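Read through the structure below, which is laid out as structure tokens, and then see the notes.
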Amino acid sequence: MSRATADSLRVDASRLWARLEALGEIGAVHGPNGERGCARLALTDADRDGRDLVVRWMTDLGMAVSIDAVGNVVAVHAGANDELAPVMVGSHIDTVRTGGRFDGNLGVLAGLEVVETLITAGVVTDRPVAVAVFTDEEGARFQPDMLGSLVYVGGMALEDALDVRAADDGARLGDELVRIGYAGPTPCPAAGAPHRYLELHIEQGPVLEDEGVAIGVVTGVQGISWTELTITGQSAHAGTTPMRLRHDPGFVAASITAGVRRIAAELGGTQVATVGRCEFSPNLVNVIPATVTMTVDLRNTDEAILQDAEGRLAHLCATLAAAEGVAVAQRTLARFEPVAFDPAMVDLVEATATALGHRTRRMPSGAGHDAQMLARVCPTAMIFVPSVNGLSHNIAEHTEPEHIAAGADVLLQAVLACASA
Ligand SMILES: [Zn+2]
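Numbering (numbering that gives the first Met the number 0), first residue to last: 0 to 420.
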């Protein structure tokens, strides 16, 4: 097939949309205003059902499906020379409890659409094209997040990953893999690296929509620091304990929540800081709490500033602990340095989108993605498409069909460019 013919290839956007709809029905959550979201936590029955559907689609396309020891699914579509390392497209299909139908799912299903488009057009690439579904990207049930891709690239020992306990029910990750039938025989970490890795993902923020840009050219991923704080004080009667004699973990938790907002303001730039979980014990109206467990999520594109933020948080906790007479214990839940994607791959995504007539914008990713793990082992890039109202991790998450089509066509053409020997 001539280069000119390959250039004119386009995905079947309605076929891709239909797969998004079908996968979105598994673990579907319906909102009061017609929203249709998804709750498919990693390694639950719903995750298994979603995996089963995607694997069936892969098999129907004649792809060779393998499942590795941490449950990552990799399906390979043959190229002219299968000795060559594949171009890999991937993402995840697990969601948070209040997730949408596009986060992760789009990257996987757009990969299948790329493969089906090649098959339908009779295009044989030099290199194989692989589509990957990585285990537990969200980290909502098993931490750290991006666990499957982290193990895939050798960044976490397999045994440690299998021993991780679920935040909700305490189940062991390795046991859950066996239970749902996805403890596969393929060794993990992977034996060889892909030639290139590409991931299409929704932006999950408001920037592209706000600026009327269809394609985000992702330059890298912010560094992420997740800390769990356990504050232990003195539980006592809310009516009889004078204020001056209190050792109140609830007060300290509130002060930390306000304090991390202040830290973000002081550091400015792209620094963000969030308290997303806070649990009081015993959590009663008339009892000063005995303990509070809370999390702090800090992110920055600059490692030095991220470390500065972490230092300020530690100082804040120590100061508040001393003043209130409580103990504050810190535990790291996840820590990833910022990642810069391969400049040539970033240029390729930008040039491809421009050639297809789309407005583009270079931007860092505010969220973590499997691509940042693959970037450790091969040249990697990501393509973003707009999220309506910037919403994600929300059942109202939505991306317009025209933007889904635009992103998938950029992915297709970028894969074609990478898959020639
Ligand atoms: Zn995602």
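C-beta atoms are modelled at their ideal positions from N, C-alpha and C, and glycine is treated no differently. Computed from a prediction, not measured in an experiment: that's the story for all the values here.
**Asked** Going by the C-beta, is S90 closer than 7 Å to any heavy atom of ligand 1?
**Response** Position 91 of the sequence shown, counted from the first residue, corresponds to residue 90. Checking every heavy atom of ligand 1 against the Cβ of S90, one is found closer than 7 Å.
**Message:** Quick check on F383: does DSSP put it in helix, strand or coil?
**Reply:** By one-based count along the sequence shown, residue 383 stands at place 384. Three-state result, F383: strand.
**Request:** Determine the DSSP secondary structure at Q142, reduced to helix, strand or coil.
**Result:** Position 143 of the sequence shown holds residue 142. DSSP places Q142 in coil when its eight states are reduced to three.
**Message:** For a test of your reading of the model: does the CB of G103 fall under 7 Å from any non-hydrogen atom of ligand 1? Yes or no.
**Reply:** Here residue 103 refers to the residue found at position 104 of the sequence shown. Distances taken from the Cβ of G103 to the heavy atoms of ligand 1 include one shorter than 7 Å.
**Message:** Between M372, R243 and A253, which has its C-alpha nearest L315's C-alpha?
**Reply:** Along the sequence shown, read from residue 1 onward, the residue named residue 315 stands at position 316. L315 has its Cα closest to that of A253, out of M372, R243 and A253.
**Item:** Contact test: H397 Cβ vs ligand 1 heavy atom, cutoff 7 Å
**Value:** As a working note, residue 397 is residue 398 in the sequence shown. Not under cutoff, so the answer is no.
**Message:** Quick check on R39: buried or exposed, where buried means 16 or more other Cβ atoms within 10 Å of its Cβ?
**Reply:** Working through the sequence shown from its first residue, we reach residue 39 at position 40. Result: buried.
**S386, buried or exposed, once every other Cβ within 10 Å from all chains shown has been counted against 16** = By one-based count along the sequence shown, residue 386 stands at place 387. By the 10 Å Cβ count, S386 comes out buried.
**Message:** Can you tell me where the alpha helix (DSSP H) holding F250 begins and where it ends?
**Reply:** Taking the sequence shown and counting its residues from 1, the one referred to as residue 250 is at position 251. Per DSSP, F250 belongs to the alpha helix (DSSP H) from P248 to L266.
**Request:** Could you have a look at S280 and say whether DSSP puts it in helix, strand or coil?
**Result:** Counted from its first residue, the sequence shown places residue 280 at position 281. Reduced to three states, the DSSP call for S280 is strand.
**Prompt:** Identify the residues that DSSP records as bridge partners of L197: which are they?
**Reply:** Counted from its first residue, the sequence shown places residue 197 at position 198. V88 and A380.
**Prompt:** Out of curiosity, what's the CA-to-CA distance linking T231 and E323?
**Reply:** One-based indexing of the sequence shown puts residue 231 at position 232. One-based indexing of the sequence shown puts residue 323 at position 324. Cα to Cα, T231 sits roughly 11 Å from E323.
**Asked** Is the Cβ-Cβ distance between P400 and A12 less than 8 Å?
**Response** On the sequence shown, position 401 is the one that residue 400 refers to. On the sequence shown, position 13 is the one that residue 12 refers to. Yes, they are a contact pair.
**Item:** First through last residue of the alpha helix (DSSP H) which encompasses P342
**Value:** On the sequence shown, residue 342 is found 343 positions in, with the first residue counted as 1. Start and end: P342 to A354.
**Asked** How big is the Cα-Cα spacing for T421 and G365?
**Response** There is simply no residue 421 to check, as the chain begins at 0 and stops at 420 in what is shown.
**Item:** Which residues DSSP lists as bridging V28, in chain order
**Value:** Locating residue 28 in the sequence shown gives position 29, where the first residue counts as 1. The partner list for V28 (beta bridge, DSSP) reads G36.
**Message:** With the cut-off set at 8 Å, would you say T435 and G219 are in Cβ contact?
**Reply:** Outside the shown range of the chain, which is 0 to 420, sits residue 435, and nothing can be said about it.
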